[in-house]
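To start, the structure under review is shown below, and the notes come after it.
Residue numbers (our numbering), protein chains in the order written: chain F, 1 to 293; chain U, 1 to 245; chain P, 1 to 242.
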């Protein structure tokens, strides 16, 4: 029993880490979620850009859709072929992720084209290559993130013994990962990558908003370069956060020294520890950076 | 049918979609052979939901468009699922009524207690909840056996189909015609997805016919939508660099 | 497996109380949409989005304990949500400090508008906030006082989600075979409905307990009470009648 739970924690943590990285890159490749408002604002202040403007919805619901589509398709496929065993689960999850990928392709292209059409007053043209070049990249990241999230749902259901059915777990972790991805990794994209022309070490003042960097390493910036940049820092931190959540949650269920309340005790201790770490980091930053002005 | 819907008011669109949607649910339940017709009849429900999201979100609510959508769909889905899980026969229709009431009560709270200055809040939130309830009830009929497996997907897919038309076309030049055409394309995409899943895990024949009709509809609506994009857009180019400022 | 017995009326009350708690929790979790540009204190996402993400983690945690009684369900949900909020704040602060290069600072406190403190200092640590805010922004990251408020919000949201989940489960499990999954789905629905209403009150941004917007909490309380009562009533009627 403990071995199964430990295996679940190990597998789950690793898969969650990967899912977090891929999810963040997928959203950065399409400038989704909150930084999207800056890409949306840019033409209004005269910056005609070549970003892929994939505004599907807030990150949590869209991510929940990809995870749920992939997991439901995988489950129905397994039922249809009467397949059991881990090999078939992996193949079915890949098939489910393909369906999610096609859906994202449709939603993403619709959003980009339709939003560009709404920018008529600001003279933003639709460049086909600015859509068609990043599209396969974001689809590929989506495939990987949907695939890992589906496998993670199966791990949570089968190895960790959660009583919910797999699609419901997929929806829950999809929402959670979307919330985490939009609040950790996207800050790096929104405050650093989009505003690289401004000096490092300051937040983006309200008056500067919309003044995004439209110049890239070669010519104008496109959405293929963006994941290349954010993969260095934003992606791993998102993965770390989500991976730690799944791993710590699973790990605290492996021990049973205080009966059913063990999980609550261990998790409370972990929360205190994490609070301490966060406070230490804040203290360190204040000491190193000092006040402005 | 689609060009004319751009001129009618959201109230009339809702009443039409409610009757057509209930007809679609009855058709697919009692006469599976007519499922292609039922598929066409359910699309107005999605359009009505998308239109309600548009009417609400146009005011700038202080919360995202997506929050409005998933909240409205949650009202519809929760009402339908409560009713459906306990009483499958009549449940769908009672669920639509409960969703309408729930939407109205929530809108009333937002209007009277939170004091939002949106004149259409009560009406549109009730209509949003009821439209999503109609769409969800229809999609549930495609899966008679594996209800709990499929219900999360139905909930979230309807949510996206309802919010995305407005959210995806947002901007200064957004107009109702393009948004509604995009809503039609995405409604048919959603029914195509769930139809093909139903062909695999639920009602096989019905699922296939729903998916086939939806694919045809998707192509028609996508072309219609792209025509209105060509009318609205500043310029379409294969490639190029923005002019120097 | 423990036999659960709870009066349907009491279970409906549990759903109402849980729904209200869910609504209130949104006021405590610091969130701000422009946080994604490090332009405002708070986790960089919509208030309802983050609360919903945290609440679902709570319900997922609570589901393991559904046979162990109400108190453990609530406690599991609470720590599950609080863990999610804490980790998100840690991750977000790491990005802010090492990716953007800004120290966490509370904009409202720096302007001297904190609800509980008089000056411009963090009420827990006593650290000065004023000079640490980038000029032109409303703070960035999550300083200690906001972090604590977020944990409190997570605890409330998770406990509330657990209460809704457990209430619905005890209501429907005599009539259904697979009641846990149905209860999970419906609890997520009730959670969603209740956590968007406060977002109307907060208008996209809050710093948690120390924000002036905490004074509008009564609006959230009453509207969530009305809406949760409606849904609890529907559930109760359906379960008793059919």
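We put the beta carbon where it would ideally sit given N, CA and C, even for glycine.
**Report entry** Coarse secondary structure for residue 256 of chain F, derived from DSSP in three states
**Finding:** Here residue 256 of chain F corresponds to residue number 256 of the first chain, with the count starting at 1. Coil, per DSSP.
Query raised in the report: Taking the alpha helix (DSSP H) that residue 21 of chain U falls in, what are its first and last residues?
Result: Along the second chain, one-based indexing puts residue 21 of chain U at 21. Residues 10-30.
Query - Nearest-angstrom Cα separation, counted from residue 66 of chain P out to residue 145 of chain U - result: Here residue 145 of chain U refers to the residue found at position 145 when the second chain is read from its first residue. Here residue 66 of chain P refers to the residue found at position 66 when the third chain is read from its first residue. Approximately 26 Å, taken between the alpha carbons.
Query - Where the region 212-234 of chain U meets chain F: residues whose CB sits under 9 Å from a CB there - result: 218, 222, 225, 226, 228, 229, 230, 231, 232, 233, 234
Requested in this report: Using 10 angstroms around the beta-carbon of residue 1 of chain U, count the other beta-carbons present and answer buried if the total reaches 16, otherwise exposed.
Outcome: Locating residue 1 of chain U in the second chain gives position 1, where the first residue counts as 1. With a pLDDT of 39 at residue 1 of chain U, under the threshold of 50, the predicted position of this residue should be treated as unreliable, though the coordinate-derived value follows. When all chains shown are included, residue 1 of chain U counts as exposed.
Query raised in the report: Can you name the residues of chain U whose CB is closer than 8 Å to the CB of residue 173 of chain F?
Result: Stepping through the first chain from its first residue, residue 173 of chain F is reached at position 173. Those do not exist, as residue 173 of chain F stays about 12 Å from chain U at its closest Cβ, beyond 8 Å.
**Report entry** Assigned exposure category for residue 285 of chain P - 16 Cβ within 10 Å defines buried
**Finding:** Nothing about residue 285 of chain P can be read from this structure; chain P reaches only from 1 to 242.
**Report entry** Where the alpha helix (DSSP H) containing residue 156 of chain P begins and where it ends
**Finding:** Translated into positions along the third chain, residue 156 of chain P becomes position 156. 144-172 is the span of the alpha helix (DSSP H), which, as asked, contains residue 156 of chain P.
Requested in this report: Quick one: which residues of the region 121-154 of chain F get their C-beta closer than 8 Å to a C-beta of chain P? List them in chain order.
Outcome: none
Query - Chain-ordered neighbours of residue 79 of chain F on chain U, where CB pairs are closer than 7 Å - result: Start at 1 with the first residue of the first chain, and residue 79 of chain F comes out as number 79. Correct list: 201.
Query - Neighbourhood of residue 132 of chain P by C-beta, 7 Å cutoff - its chain only, sequence neighbours within 5 removed - result: Translated into positions along the third chain, residue 132 of chain P becomes position 132. Result list for residue 132 of chain P: 103, 105, in chain order.
Query raised in the report: Which residues, in order along the region 169-184 of chain P, keep a beta-carbon less than 8 Å from a beta-carbon of chain U?
Result: 172, 175, 176, 178, 181, 182
Query raised in the report: Which of helix, strand or coil does DSSP assign to residue 58 of chain U?
Result: The residue given as residue 58 of chain U occupies position 58 in the second chain. In this structure, residue 58 of chain U counts as coil in the three-state DSSP scheme.
Query raised in the report: Any beta-carbon of chain U closer than 8 Å to the one on residue 1 of chain P?
Result: To locate residue 1 of chain P, count along the third chain from 1; it is residue 1. Note that residue 1 of chain P scores 45 on pLDDT, short of 50, meaning its location in the model is unreliable; the coordinates nonetheless yield the value given after this. Closer than 8 Å: no.
Query - Sequence-distant residues of the same chain with beta carbon closer than 8 Å to residue 20 of chain P, five excluded per side - result: As a first step, residue 20 of chain P must be located in the third chain, where it is residue number 20. 160, 194, 221, 224, 225, 228.
Requested in this report: May I ask you to report which of helix, strand or coil DSSP gives residue 134 of chain P?
Outcome: Here residue 134 of chain P refers to the residue found at position 134 when the third chain is read from its first residue. Looking at residue 134 of chain P - three-state DSSP - the assignment turns out to be coil, as it is neither helix nor strand.
Query raised in the report: Who are residue 139 of chain P's beta bridge partners in DSSP?
Result: In the third chain, residue 139 of chain P corresponds to position 139, counting from 1. P:106.
Query raised in the report: residue 222 of chain F by DSSP, collapsed to three states: which one?
Result: As a position in the first chain, residue 222 of chain F is number 222, starting the count at 1. Reduced to three states, the DSSP call for residue 222 of chain F is strand.
Requested in this report: Using only alpha-carbon positions, find the residue among F:252, F:203, F:189, F:206 that is nearest to residue 227 of chain F.
Outcome: As a first step, residue 227 of chain F must be located in the first chain, where it is residue number 227. Comparing Cα-Cα distances from residue 227 of chain F to each of F:252, F:203, F:189, F:206, the minimum goes to F:189.
Query raised in the report: Taking 8 Å as the CB-CB cut-off, is residue 14 of chain P touching chain U?
Result: Numbered from 1 along the third chain, position 14 holds the residue referred to as residue 14 of chain P. Not closer than 8 Å to any Cβ of chain U, the Cβ of residue 14 of chain P fails to qualify, so no.
Query - Member of F:78, F:68, F:177, F:268 whose CA lies at the smallest distance from the CA of residue 78 of chain P - result: Taking the first residue of the third chain as position 1, residue 78 of chain P is located at position 78. Nearest option by C-alpha distance: F:268.
Report task. Buried or exposed for residue 40 of chain F, please, with buried defined as at least 16 other CB atoms from any protein chain shown within 10 angstroms of its CB. Result -> Numbered from 1 along the first chain, position 40 holds the residue referred to as residue 40 of chain F. When all chains shown are included, residue 40 of chain F counts as buried.
Report task. Decide if residue 11 of chain U is buried, meaning its Cβ has at least 16 other Cβ atoms within 10 Å, or exposed. Result -> The sequence position of residue 11 of chain U within the second chain is 11, counting from 1. Looking at its Cβ environment, which holds fewer than 16 other Cβ atoms inside 10 Å, residue 11 of chain U is exposed.
Query - Three-state secondary structure (DSSP) of residue 126 of chain F - result: As a position in the first chain, residue 126 of chain F is number 126, starting the count at 1. The answer is strand: DSSP assigns residue 126 of chain F an E or B state.
Report task. With distances taken Cα to Cα, identify the nearest neighbour of residue 106 of chain F among F:135, F:122, F:89. Result -> Position 106 of the first chain, counted from the first residue, corresponds to residue 106 of chain F. Ranking the options by Cα distance to residue 106 of chain F, first place goes to F:135.
Query - Inter-residue spacing [alpha-carbon to alpha-carbon] between residue 176 of chain U and residue 237 of chain U - result: Reading the second chain from its first residue, position 176 is the one you call residue 176 of chain U. Reading the second chain from its first residue, position 237 is the one you call residue 237 of chain U. Answer to the nearest angstrom: the Cα atoms are 25 Å apart.
Query raised in the report: Is the CB-CB distance between residue 111 of chain F and residue 42 of chain F below 8 Å?
Result: Within the first chain, numbered from 1, the residue matching residue 111 of chain F stands at position 111. Within the first chain, numbered from 1, the residue matching residue 42 of chain F stands at position 42. No, they are not a contact pair.
**Report entry** Backbone CA spacing between residue 232 of chain F and residue 22 of chain P [nearest angstrom]
**Finding:** In the first chain, the residue the question calls residue 232 of chain F occupies position 232. In the third chain, the residue the question calls residue 22 of chain P occupies position 22. Using only the alpha carbons, I get a separation of about 36 Å.
Requested in this report: Report the neighbours of residue 148 of chain U on chain P: residues whose CB is nearer than 8 Å to its CB, in chain order.
Outcome: For the purposes of this step, residue 148 of chain U is taken as the residue at position 148 of the second chain. Those within 8 Å of residue 148 of chain U in chain P are 178, 181, 182, 185.
**Report entry** Beta-carbon gap between residue 178 of chain F and residue 59 of chain F smaller than 8 Å
**Finding:** Counting from one through the first chain, the residue named residue 178 of chain F turns up at place 178. Counting from one through the first chain, the residue named residue 59 of chain F turns up at place 59. Their beta carbons are under 8 Å apart, which means residue 178 of chain F touches residue 59 of chain F by this criterion.
Report task. Could you confirm whether any beta carbon from chain F is found closer than 8 Å to the beta carbon of residue 5 of chain U? Result -> Looking up residue 5 of chain U in the second chain gives position 5. Any reading at residue 5 of chain U is ruled out, since the residue's pLDDT is 44, under 50, leaving its predicted position unreliable.
Query raised in the report: How long is the line joining the alpha carbons of residue 18 of chain P and residue 238 of chain P, rounded to whole angstroms?
Result: What you label residue 18 of chain P is simply residue 18 of the third chain in a count that begins at 1. What you label residue 238 of chain P is simply residue 238 of the third chain in a count that begins at 1. Spanning the two alpha carbons is a distance of roughly 19 Å.
Report task. Put residue 121 of chain P into one of helix, strand or coil per three-state DSSP. Result -> Along the third chain, read from residue 1 onward, the residue named residue 121 of chain P stands at position 121. It is a strand residue.
Query raised in the report: So which of P:155, P:94, P:208 has the shortest CA-CA distance to residue 241 of chain F?
Result: Taking the first chain and counting its residues from 1, the one referred to as residue 241 of chain F is at position 241. The candidate whose alpha carbon is nearest that of residue 241 of chain F is P:94.
**Report entry** Nearest residue (CA-CA) to residue 21 of chain F, options F:211, F:143, F:270
**Finding:** In the first chain, counting from the first residue as 1, residue 21 of chain F sits at position 21. The shortest C-alpha separation from residue 21 of chain F is found at F:143.
Query raised in the report: From what residue to what residue does the alpha helix (DSSP H) around residue 3 of chain F run?
Result: Residue mapping note: residue 3 of chain F aligns to position 3 of the first chain, counting from 1. Segment 2-29, the alpha helix (DSSP H) holding residue 3 of chain F.
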